[in-house]
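Student: For reference, the structure I am asking about is given below.
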Amino acid sequence: MSLTVDASARTWVDVPEGSHFPIQNLPLGLACLPNDTEAVVVRIGDYALDLCALCAEGLLPQDDFPMLHCMMELERGDASRLREIAYDLLREDNPRLRDDAELREHALLSIDSVEMMMPMQVCSFVDFYSGIHHASNVGRMFRPDMPPLLPNYRHLPVAYHGRGSSVYPSGTPIRRPHGIQKVGEEVLYGPTRELDYELELGVFLGEGTESGQRLTPEEAQNHILGCVLVNDWSARDVQRFEYQPLGPFLAKSFATSISPWLVLPDALTPLLVEGQAQDPTPLPHLRHEGQTHLDLRLEVQIKTAKATRPQTIAVTNARELYWSVGQQLAHLSSNGTPLEPGDLVASGTISGPGTGCFGSLLEATWRGTQPIQIEETGEDRTFLEDGDEVIMTAYGERGGVRIGFGEVRAVVHPALGD
4 MSLTVDASAR TWVDVPEGSH FPIQNLPLGL ACLPNDTEAV VVRIGDYALD LCALCAEGLL
64 PQDDFPMLHC MMELERGDAS RLREIAYDLL REDNPRLRDD AELREHALLS IDSVEMMMPM
124 QVCSFVDFYS GIHHASNVGR MFRPDMPPLL PNYRHLPVAY HGRGSSVYPS GTPIRRPHGI
184 QKVGEEVLYG PTRELDYELE LGVFLGEGTE SGQRLTPEEA QNHILGCVLV NDWSARDVQR
244 FEYQPLGPFL AKSFATSISP WLVLPDALTP LLVEGQAQDP TPLPHLRHEG QTHLDLRLEV
304 QIKTAKATRP QTIAVTNARE LYWSVGQQLA HLSSNGTPLE PGDLVASGTI SGPGTGCFGS
364 LLEATWRGTQ PIQIEETGED RTFLEDGDEV IMTAYGERGG VRIGFGEVRA VVHPALGD
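Numbering (this note's numbering), first residue to last: 4 to 421.
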């Protein structure tokens, strides 16, 4: 295991206790700096380390990293090297940056002084359906007289293609979408009445494949550049009317929010655990054994316009996913479709086995029949109202070190007038 995940490592940067971003993490992001330029940065505590500034001072080999204003050309090995260089410069016993006050002033920026952007331009967006508890709950709600899971669920990672053009960074307001719904016996077009969130994880690919190339789950791991937190917004009333027979379309394509930091696979290595037993045994090209899942605590909160603080709605864990990301990518490439750098692949809604760990309001309110009460204000929620803010976080801990994703948050804005 790399020394960069050593739990005993310390940095000269003041990192608050419980921070998602200790020296063992060091995720990458794309920031708009105070001088209005864009640069790839590394997160450490409450600071962003400007890699372009380090390059200008000769602390990064410019010939090896010409892409420090953009991450589209970064592959996994490049990202790992950048993280290792940043780790070395930030170590407690390294004076090179620590003792250079002028360079620190230009290179180590308060996180409040930069604006985080999309970490990468999304090439294609694919959303899987690998949360088995979520899939089972949806089956019980909508097909009460049938088995909760459809026959294909345990044989292949179910997914659909979304819209890369409507993936937004954390903090971008989400406009309530219009869509076609069936209300009673009448078919209407108008703003959704059942706006929902979905708590998910996602990976960005840093390396593509050739047409016809198929990946094993193990090979697929090497194509992952980094991981993000995902909120895949959903219009349930629109979805309910449109999804048969071809699956979701406009109910999903209007917005997806992601966290701005690419947490690198190297940092997540200590959090790998075995997934749940798969029965039946997957087909040979989808078999993925060993520590294939992440032990990450996931939380979703809602803050209404009337409230002064957010309220936790659910806490769950990423290890509840049935299919691993390696299996998802192997399945995605199994027909020979080429994958591309910048492809975003999301996990599907991550729910746990009981109440208090549902990754959507559809489940938490059981299709809107059991409203949630906002304790501070006494308001009820079945689905999201205008002015509601949804906040999601994710982190794992090993050896007293917390490796986190930060948060993805967004406020719901009213639908635009017809």
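Using N, Cα and C, we set each Cβ at its ideal position, and we do this for glycine too.
To the nearest whole angstrom, what separates the beta carbons of Q330 and H291, a pair I think is in contact under 8 Å?
Tutor: Residue mapping note: residue 330 aligns to position 327 of the sequence shown, counting from 1. Residue mapping note: residue 291 aligns to position 288 of the sequence shown, counting from 1. Indeed, because the Cβ distance is near 5 Å, the residues count as touching under 8 Å.
Student: I'd like the span of the beta strand (DSSP E) that includes K306, first residue to last.
Tutor: The residue given as residue 306 occupies position 303 in the sequence shown. It spans 300 to 306 - the beta strand (DSSP E) in which K306 sits, taken as one unbroken run.
Student: Do you know how far the Cα of L218 is from the Cα of Q27?
Tutor: Reading the sequence shown from its first residue, position 24 is the one you call residue 27. Reading the sequence shown from its first residue, position 215 is the one you call residue 218. C-alpha separation (whole angstroms): 30 Å.
Student: Quick one: grab the DSSP three-state call for G21.
Tutor: Numbered from its first residue, the sequence shown carries residue 21 at position 18. Reduced to three states, the DSSP call for G21 is coil.
Student: Output the distance between the C-alpha atoms of S363 and G345, rounded to the nearest integer angstrom.
Tutor: Indexing the sequence shown from 1 puts residue 363 at position 360. Indexing the sequence shown from 1 puts residue 345 at position 342. Between S363 and G345, the C-alpha separation is close to 27 Å.
Student: How would you call D130, buried or exposed, if buried means at least 16 neighbouring beta carbons within 10 angstroms?
Tutor: One-based indexing of the sequence shown puts residue 130 at position 127. Flag for D130 reads buried.
Student: Which two residues bound the contiguous alpha helix (DSSP H) that contains Y90?
Tutor: Numbered from 1 along the sequence shown, position 87 holds the residue referred to as residue 90. That run of the alpha helix (DSSP H) goes 79 to 93.
Student: Checking 9 Å against the spacing of the C-beta atoms, do L112 and L57 come in under that value?
Tutor: In the sequence shown, residue 112 corresponds to position 109, counting from 1. In the sequence shown, residue 57 corresponds to position 54, counting from 1. No, they are not a contact pair.
Student: Could you have a look at D199 and say whether DSSP puts it in helix, strand or coil?
Tutor: In the sequence shown, counting from the first residue as 1, residue 199 sits at position 196. Three-state result, D199: strand.
Student: In its own chain, which residues sit with a C-beta less than 7 Å from the C-beta of T14, not counting the 5 before and 5 after it?
Tutor: Reading the sequence shown from its first residue, position 11 is the one you call residue 14. The residues are I26, I47, L93, R94, E95.
Student: DSSP puts I377 in a beta bridge; with which residues?
Tutor: Numbered from 1 along the sequence shown, position 374 holds the residue referred to as residue 377. Paired residue(s): none; I377 is not in a bridge.
Student: Figure out for me which residue from D115, P160, R412, M149 has the closest Cα to the Cα of S133.
Tutor: Within the sequence shown, numbered from 1, the residue matching residue 133 stands at position 130. Among D115, P160, R412, M149, the Cα nearest to that of S133 belongs to P160.
Student: Below 8 Å on the Cβ atoms is my guess for A82 versus G211; work out the distance and round it to an integer in Å.
Tutor: Taking the sequence shown and counting its residues from 1, the one referred to as residue 82 is at position 79. Taking the sequence shown and counting its residues from 1, the one referred to as residue 211 is at position 208. That belief does not hold up - the Cβ atoms of A82 and G211 are roughly 15 Å apart, past 8 Å.
Student: Apart from the five residues on each side of it in sequence, which residues of its chain come closer than 7 Å, Cβ to Cβ, to I316?
Tutor: Walking along the sequence shown from the start, residue 316 turns up at place 313. Closer than 7 Å at the Cβ level, and outside the excluded window around I316, lie V303, Q304, I305, A367, I375.
Student: I'd like to check one pair, T396 with E379: are the Cβ atoms closer than 9 Å?
Tutor: Reading the sequence shown from its first residue, position 376 is the one you call residue 379. Reading the sequence shown from its first residue, position 393 is the one you call residue 396. No, they are not a contact pair.
Student: Alpha carbon to alpha carbon, how far is G61 from H137?
Tutor: Your numbering for residue 61 matches position 58 in the sequence shown. Your numbering for residue 137 matches position 134 in the sequence shown. So the alpha carbons of these two residues sit roughly 50 Å apart.
Student: Is the separation between the beta-carbon of A104 and that of V45 shorter than 9 Å?
Tutor: To locate residue 104, count along the sequence shown from 1; it is residue 101. To locate residue 45, count along the sequence shown from 1; it is residue 42. Not closer than 9 Å, so no.
Student: Decide if P150 is buried, meaning its Cβ has at least 16 other Cβ atoms within 10 Å, or exposed.
Tutor: Working through the sequence shown from its first residue, we reach residue 150 at position 147. Under this definition P150 is an exposed residue.
Student: Span of the beta strand (DSSP E) holding E277?
Tutor: Numbered from its first residue, the sequence shown carries residue 277 at position 274. Segment 275 to 277, the beta strand (DSSP E) holding E277.
Student: What does DSSP give as the partner residues of E189 in its beta bridges?
Tutor: To locate residue 189, count along the sequence shown from 1; it is residue 186. Answer is V186, bridged to E189.
Student: Assuming G182 and V141 form a contact by the criterion Cβ under 8 Å, report the distance between their Cβ atoms to the nearest whole angstrom.
Tutor: For this step, residue 182 is matched to residue 179 along the sequence shown. For this step, residue 141 is matched to residue 138 along the sequence shown. Not confirmed; about 19 Å, so no contact.
Student: Given a threshold of 16 other Cβ atoms within 10 Å of its Cβ, counted over all protein chains shown, does G420 qualify as buried or as exposed?
Tutor: Within the sequence shown, numbered from 1, the residue matching residue 420 stands at position 417. It counts as exposed.
Student: Over what stretch of residues does the beta strand (DSSP E) that includes D53 continue unbroken?
Tutor: Start at 1 with the first residue of the sequence shown, and residue 53 comes out as number 50. D53 -> beta strand (DSSP E) spans 50 to 53.
Student: Hey, L274 and V231: beta-carbon distance below 9 Å or not?
Tutor: Along the sequence shown, read from residue 1 onward, the residue named residue 274 stands at position 271. Along the sequence shown, read from residue 1 onward, the residue named residue 231 stands at position 228. Contact flag unset, no.
Student: So, for L29: in the same chain, excluding its five sequence neighbours on each side, which residues have a beta-carbon less than 8 Å away from its beta-carbon?
Tutor: As a working note, residue 29 is residue 26 in the sequence shown. Correct list, in chain order: T7, V45, R46, I47, R86, A89, Y90, L93, L267, A270.
Student: Inspect the beta-carbon positions of E343 and S173 and report whether they are closer than 9 Å.
Tutor: Sequence index remark: in the sequence shown, residue 343 carries index 340 (1-based). Sequence index remark: in the sequence shown, residue 173 carries index 170 (1-based). Against a cut-off of 9 Å, the Cβ pair of S173 and E343 comes out as no contact.
Student: Near T352, what residues of its chain come up, given a Cβ to Cβ distance below 7 Å and the 5 sequence neighbours on each side ignored?
Tutor: Against the sequence shown, residue 352 aligns to sequence position 349. Excluding sequence neighbours, T352 sits near G134, H137, E201, L202, E203, G362, S363.
Student: Check each candidate in H72, S327, E392 and name the one with the smallest Cα separation from P285.
Tutor: For the purposes of this step, residue 285 is identified with residue 282 of the sequence shown, where counting begins at 1. Minimum Cα distance to P285 is reached at S327.
Student: With a CB to CB cut of under 7 Å and the five nearest residues on each side skipped, what residues in its chain are close to P176?
Tutor: In the sequence shown, residue 176 corresponds to position 173, counting from 1. Correct list, in chain order: A413, V414, H416.
Student: For T340, collect the residues of the same chain with a Cβ closer than 8 Å to its Cβ; drop the 5 residues on either side in sequence, then sort them by chain order.
Tutor: Position 337 of the sequence shown holds residue 340. Correct list, in chain order: S214.
Student: Cβ of F207 within 9 Å of Cβ of L228?
Tutor: Within the sequence shown, the letter at position 204 stands for residue 207. Within the sequence shown, the letter at position 225 stands for residue 228. Yes; because the gap between Cβ atoms is below 9 Å, this pair is in contact.
Student: So for G399, helix, strand or coil by DSSP?
Tutor: By one-based count along the sequence shown, residue 399 stands at place 396. In the structure shown, G399 sits in a strand (DSSP, three-state: E or B).
Student: Beta-carbon separation of G278 and Y325 under 9 Å?
Tutor: The count along the sequence shown starts at 1 and reaches residue 278 at position 275. The count along the sequence shown starts at 1 and reaches residue 325 at position 322. Taking 9 Å as the Cβ cut-off, G278 and Y325 qualify as a contacting pair.
Student: Quick one: give me the first and last residue of the beta strand (DSSP E) that D235 is part of.
Tutor: Along the sequence shown, one-based indexing puts residue 235 at 232. 227 to 235 is the extent of the beta strand (DSSP E) around D235.
Student: Are the CB atoms of R84 and D67 nearer to each other than 9 Å?
Tutor: Counted from its first residue, the sequence shown places residue 84 at position 81. Counted from its first residue, the sequence shown places residue 67 at position 64. In contact: R84 and D67 (Cβ atoms closer than 9 Å).
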